[in-house]
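K.L.:
Dropping the structure in here first, questions after.
Residue numbers (this note's numbering), protein chains in the order written: chain A, 5 to 462; chain B, 5 to 462.
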């Protein structure tokens, strides 16, 4: 992590770091599959028309073009294309927009409600800052229905993510839940009709503080000081149970949409409070910048690392995907895997027990033993023990050093007894202990079989 | 597979198809790790300077640019860039060139010989044809040394790939091995100095036949009819053991480089013949188009699907990566995962036993049982059994249909006995068999636990 990326914003991990990332991805996948989510991948490129459909112009998009075509344009042999041509190709900047397209295209082949997970790289041409990569991996789950989708899924997906994050060596986290209808209904109830504008200002609350947001609300949305104060009073409400409902009612605002949002959020928070106590709160300051959310919205902070921003965000979208009159409402959450792994590595929250999968390094006493040593390794691998074979009969000290540099715990020796018969011994190079072993039945302790990724000691 | 890609050359799988691809990737990863290869990923983008360093101009490269910049250029507010600017970004078209850069950049942090696997998407802006995707996944293994690398690794990597491919439900395959030194030494020995030109012509042998290649050799490389005949006689040699050596000698050509190549190839083929009988042959027609190979080269055909082209190719490269005077010779092989999976799916060589991970669908008798049903599912998941819970107490027929459409084998029912106590039953919806079960200890048969991907019946 002290290494500098050779291209700013494009991070690459060393093998031991990649093991931490792989552990995160494997753990997430395992949890998602235990909950019945099917894995899919979508292509890395979308048309600009698709990507910008929901007005996501604030995302810095990477366009893609065939080099041969660019050269023909530069040479005057081809007409330049409009850079904003909706048919132009660009790299996806999240997995939700591509998933919505996938659902619409494949609706006839999918069973709804469709539960899917998707773990892929995405790209944004942003200015790189700490925690802002230009290439990063997201891990998403979504449930999408055909026509309608039970509100129970709003709690379900958050519970799955709570379980997934809880299985990672990252310590405490808190899922903060709000509801767009609640917020929009409240704003309308106090006479602010530009609800998107209010949300944009409220979204800046943690960054700039309440006074600045009050000023923004008055200057940019035309709120009165009283309206600004009420919007801020709403955003100040945060409870771990459904008591937020009373606190909202105490503000004395009424609106049909507000009622709907209160009911929905109370249902979600009650379920989370019961099934994942301490993992979630109702937090009415959560806005989520994205236009396509229509109900529940989520953000997640890593406790003690709040300035990192949200590590797992999402929401309910009732109209992101549609095909003629047919709509596919969905709800989902997305983990920023790269952001999380960068933090895990830079803070040494988790470490891999070695840098290679190998558990046993089979040493060579004589060069011509190589094939027999491969037989030993093959016997070990048959029982799931990763093994490598030396390629030449160097001094044992050098062969042990090969294992030591990689953190390989065991070195296997093939010798001869006084009668000239083959004898096998295995050495734990950490303790120096060495004893006779049979390649057909020796096994290492379970914790040495594969590289372990664990929370580092505090 | 009958679906048409919405962007030509960019394939996306349905969930059941993705399970086949995932099975391929999991199997490869497992084999690579058992052999001590460490997984890494490199960024999707490289600079054009890196990508085109080895003269790979025949690959159609996708350039990447920030849309915002393109728009400024179009509006005349920014100078257009040279499309061939070596600092320009582009998507990688293979994993070998990026890996070479990674090794050079991180040499101080890696232990050599460095064994790594890498499974990622790559992109080529080619005209899509059957089997030629514009976005596809490659699975590579390479071993790279610091200064020198034992020739034993040339056999080692081929054996690992033979084991990996042998673990896939794809039937027979054959790794065809040749050696650049052997071929180049032979061509020089018969007086043909433009060895790259000869290789380019020989590379077309399977496509256009020997007569056309003879014509090409004479027209494009300036060979005499006798020289062309000798080059073709070499390419005609194919043996499963080291007897190719005698057959080459019988052609009466001598050259120092030829001798070196014969020795190297004989060593590799002898090892493969002994340790993976029937999986590999010496095939002196194998040329490999890429410039960077310097010794052993490999291609692999799927028996009965030869027209698909090579599914696993690679070779030894002694000079791809260097840093000042320090060189990092390597040898590796790359599986064309997408090409292979497309064939597996289109020929129905393998099928997934269901389209979702879920083994048990917990039905609801009453809406208010949802949380208790989640407790049942949680108990199952604790034992590694993927489970989903219904969100509403629809008619049992509809709930069973939900499971049936997805291929979920078991439906769990929560009822009450006459005394009002909770009773659990589980139904195998394939046989209709239903019996009492305890959520704390019931387990499905091993073959129903997770989706199975198996070779389809012939």
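Yeah, the Cβ is synthetic: ideal placement off N, Cα and C, and Gly gets one too.
Pick from A/165, A/333, A/20, A/357: whose alpha carbon is nearest that of residue 113 of chain B?
P.N.:
Looking up residue 113 of chain B in the second chain gives position 109. Cα-wise, what sits closest to residue 113 of chain B is A/20.
K.L.:
Using 8 angstroms for Cβ pairs, my map puts residue 358 of chain B next to residue 409 of chain B. What's the rounded Cβ distance?
P.N.:
For this step, residue 358 of chain B is matched to residue 354 along the second chain. For this step, residue 409 of chain B is matched to residue 405 along the second chain. Residue 358 of chain B to residue 409 of chain B, Cβ: 10 angstroms. No contact.
K.L.:
In whole angstroms, what separates the C-alpha of residue 256 of chain B from that of residue 158 of chain B?
P.N.:
Here the question's residue 256 of chain B lines up with position 252 in the second chain. Here the question's residue 158 of chain B lines up with position 154 in the second chain. When rounded, the distance between both Cα atoms is 27 angstroms.
K.L.:
Using 10 angstroms around the beta-carbon of residue 450 of chain A, count the other beta-carbons present and answer buried if the total reaches 16, otherwise exposed.
P.N.:
The residue labelled residue 450 of chain A in the question sits at position 446 within the first chain. Residue 450 of chain A comes out exposed.
K.L.:
Could you tell me whether the stretch 219–237 of chain B touches the stretch 264–284 of chain B, where touching means 3 or more Cβ pairs closer than 8 angstroms?
P.N.:
Result no; under three Cβ-Cβ pairs closer than 8 angstroms.
K.L.:
Could you pull out every unbroken alpha helix (DSSP H) segment of at least 4 residues lying fully inside the stretch 155–209 of chain B, listed in chain order?
P.N.:
As far as the stretch 155–209 of chain B is concerned, its whole alpha helix (DSSP H) runs of at least 4 residues are 156–170, 184–193, 199–206.
K.L.:
Leaving aside the five residues before and after residue 66 of chain B along the sequence, list all residues of the same chain whose C-beta is less than 7 angstroms from its C-beta, in chain order.
P.N.:
Stepping through the second chain from its first residue, residue 66 of chain B is reached at position 62. Result list for residue 66 of chain B: 94, 95, 127, 129, in chain order.
K.L.:
Check the Cβ of residue 125 of chain B against every Cβ in chain A and list those closer than 7 angstroms, keeping chain order.
P.N.:
The count along the second chain starts at 1 and reaches residue 125 of chain B at position 121. Within 7 angstroms Cβ-Cβ: 48.
K.L.:
Check each residue of the stretch 69–85 of chain A: if its Cβ is closer than 7 angstroms to any Cβ of chain B, include it; give the result in chain order.
P.N.:
Going along the stretch 69–85 of chain A in chain order, one finds 69, 70, 71, 72, 74, 75, 78 with a Cβ nearer than 7 angstroms to chain B.
K.L.:
List the residues of chain A that residue 374 of chain B touches, going by C-beta distances under 9 angstroms, in chain order.
P.N.:
Looking up residue 374 of chain B in the second chain gives position 370. Under the 9 angstroms cutoff, chain A gives 156, 275.
K.L.:
Count the CB pairs spanning the stretch 387–405 of chain A and the stretch 340–348 of chain A that are closer than 8 angstroms, and state whether there are at least three.
P.N.:
Judged by Cβ distances under 8 angstroms, the stretch 387–405 of chain A makes no contact with the stretch 340–348 of chain A, as fewer than three pairs qualify.
K.L.:
Give me the DSSP bridge partner(s) of residue 146 of chain A.
P.N.:
Taking the first chain and counting its residues from 1, the one referred to as residue 146 of chain A is at position 142. Bridge partners of residue 146 of chain A: A/120, A/336.
K.L.:
Counting only Cβ pairs nearer than 8 angstroms, list the residues of chain A close to residue 359 of chain B.
P.N.:
Residue 359 of chain B sits at position 355 when you count from the first residue of the second chain. Neighbours of residue 359 of chain B on chain A, chain order: 42, 115.
K.L.:
Which residue from A/148, A/155, A/298 puts its Cα closest to that of residue 199 of chain A?
P.N.:
Here residue 199 of chain A corresponds to residue number 195 of the first chain, with the count starting at 1. Ranking the options by Cα distance to residue 199 of chain A, first place goes to A/298.
K.L.:
When we look at the beta-carbon of residue 329 of chain B and count the other beta-carbons within 10 Å, is it buried (16 or more) or exposed?
P.N.:
Working through the second chain from its first residue, we reach residue 329 of chain B at position 325. The residue in question, residue 329 of chain B, is exposed, as its Cβ has fewer than 16 Cβ neighbours within 10 Å.
K.L.:
Could you spell out the range, first to last residue, of the beta strand (DSSP E) harbouring residue 320 of chain B?
P.N.:
Residue mapping note: residue 320 of chain B aligns to position 316 of the second chain, counting from 1. 316–327 is the extent of the beta strand (DSSP E) around residue 320 of chain B.
K.L.:
Please check if any C-beta of chain B sits within less than 8 angstroms of the C-beta of residue 17 of chain A.
P.N.:
For the purposes of this step, residue 17 of chain A is taken as the residue at position 13 of the first chain. Judged by the 8 angstroms Cβ criterion, residue 17 of chain A is in contact with chain B.
K.L.:
Who are the neighbours of residue 109 of chain A on chain B, taking C-beta pairs under 7 angstroms?
P.N.:
What you label residue 109 of chain A is simply residue 105 of the first chain in a count that begins at 1. What residue 109 of chain A touches in chain B: 10.
K.L.:
Suppose the cutoff is 7 angstroms on Cβ atoms and the five residues either side in sequence are ignored; what does the same chain contact list for residue 193 of chain B look like?
P.N.:
The residue given as residue 193 of chain B occupies position 189 in the second chain. So the qualifying residues of the chain are 257, 258, 259, 262.
K.L.:
Taking 8 angstroms as the threshold (beta carbon to beta carbon), is residue 38 of chain B in contact with chain A?
P.N.:
On the second chain, position 34 is the one that residue 38 of chain B refers to. Interface residue, yes.
K.L.:
When you compare the stretch 103–121 of chain A with the stretch 133–148 of chain A, are there three or more beta-carbon pairs, one atom per stretch, that lie closer than 8 angstroms?
P.N.:
Verdict: yes, contact present.
K.L.:
Quick one: Cα of residue 424 of chain A to Cα of residue 44 of chain B, how far?
P.N.:
Looking up residue 424 of chain A in the first chain gives position 420. Looking up residue 44 of chain B in the second chain gives position 40. Their backbone Cα atoms lie some 43 angstroms apart in a straight line.
K.L.:
What separation, rounded to the nearest whole angstrom, lies between the Cα atoms of residue 370 of chain A and residue 47 of chain B?
P.N.:
On the first chain, residue 370 of chain A is found 366 positions in, with the first residue counted as 1. On the second chain, residue 47 of chain B is found 43 positions in, with the first residue counted as 1. About 41 angstroms.
K.L.:
Where residue 26 of chain B and residue 240 of chain A are concerned, what is the direct C-alpha to C-alpha distance, given to the nearest angstrom?
P.N.:
In the second chain, residue 26 of chain B corresponds to position 22, counting from 1. In the first chain, residue 240 of chain A corresponds to position 236, counting from 1. In a straight line, the C-alpha of residue 26 of chain B is about 46 angstroms away from that of residue 240 of chain A.
K.L.:
In three-state DSSP terms, what is residue 211 of chain B?
P.N.:
Residue numbering aside, residue 211 of chain B sits at position 207 when the second chain is read from its first letter. If DSSP states are grouped into helix, strand and coil, residue 211 of chain B belongs with the helices.
K.L.:
Against chain A, does residue 362 of chain B count as a neighbour if the rule is that its beta carbon must be under 8 angstroms from one of theirs?
P.N.:
Locating residue 362 of chain B in the second chain gives position 358, where the first residue counts as 1. Closer than 8 angstroms: yes.
K.L.:
What is the DSSP secondary structure of residue 424 of chain B, counted as helix, strand or coil?
P.N.:
Your numbering for residue 424 of chain B matches position 420 in the second chain. Looking at residue 424 of chain B - three-state DSSP - the assignment turns out to be coil, as it is neither helix nor strand.
K.L.:
Just to make sure I have the definition right: I need the residues of chain A whose C-beta is within less than 9 angstroms of the C-beta of residue 489 of chain B. Which are they?
P.N.:
An answer regarding residue 489 of chain B cannot be provided, because it is not within the stretch 5 to 462 covered by chain B.
K.L.:
Could you give the C-beta distance for residue 446 of chain B and residue 427 of chain B, rounded to a whole number, given that I count them as a contact under 8 angstroms?
P.N.:
The residue you call residue 446 of chain B lines up with position 442 of the second chain. The residue you call residue 427 of chain B lines up with position 423 of the second chain. The Cβ separation is near 13 angstroms, so there is no contact.
K.L.:
With residue 384 of chain B as the anchor, note down where its alpha helix (DSSP H) starts and where it stops.
P.N.:
The residue given as residue 384 of chain B occupies position 380 in the second chain. Start and end: 374–386.
K.L.:
Can you tell me whether residue 205 of chain B is buried or exposed, with buried defined as 16 or more other CB within 10 angstroms of its CB?
P.N.:
The residue labelled residue 205 of chain B in the question sits at position 201 within the second chain. Residue 205 of chain B comes out buried.
K.L.:
With a threshold of 8 angstroms between beta-carbons, can residue 403 of chain B be considered close to chain A, or not?
P.N.:
One-based indexing of the second chain puts residue 403 of chain B at position 399. So no, residue 403 of chain B is outside the interface.
K.L.:
Would the stretch 159–172 of chain B and the stretch 182–191 of chain B be scored as touching if the rule is three or more Cβ pairs under 8 angstroms?
P.N.:
Touching, no.
K.L.:
May I ask you to verify whether the stretch 165–181 of chain A touches the stretch 27–44 of chain A, counting CB pairs closer than 8 angstroms and requiring at least 3?
P.N.:
The stretch 165–181 of chain A is in contact with the stretch 27–44 of chain A.
K.L.:
Rounded to whole angstroms, what's the CA-CA distance from residue 211 of chain B to residue 8 of chain A? Just pull it up for me.
P.N.:
Position 207 of the second chain, counting from 1, holds the residue named residue 211 of chain B. Position 4 of the first chain, counting from 1, holds the residue named residue 8 of chain A. Between residue 211 of chain B and residue 8 of chain A, the C-alpha separation is close to 47 angstroms.
K.L.:
Taking the C-alpha atoms as reference points, what is the distance between residue 454 of chain B and residue 77 of chain B?
P.N.:
To locate residue 454 of chain B, count along the second chain from 1; it is residue 450. To locate residue 77 of chain B, count along the second chain from 1; it is residue 73. The straight-line gap from Cα to Cα measures roughly 53 angstroms.
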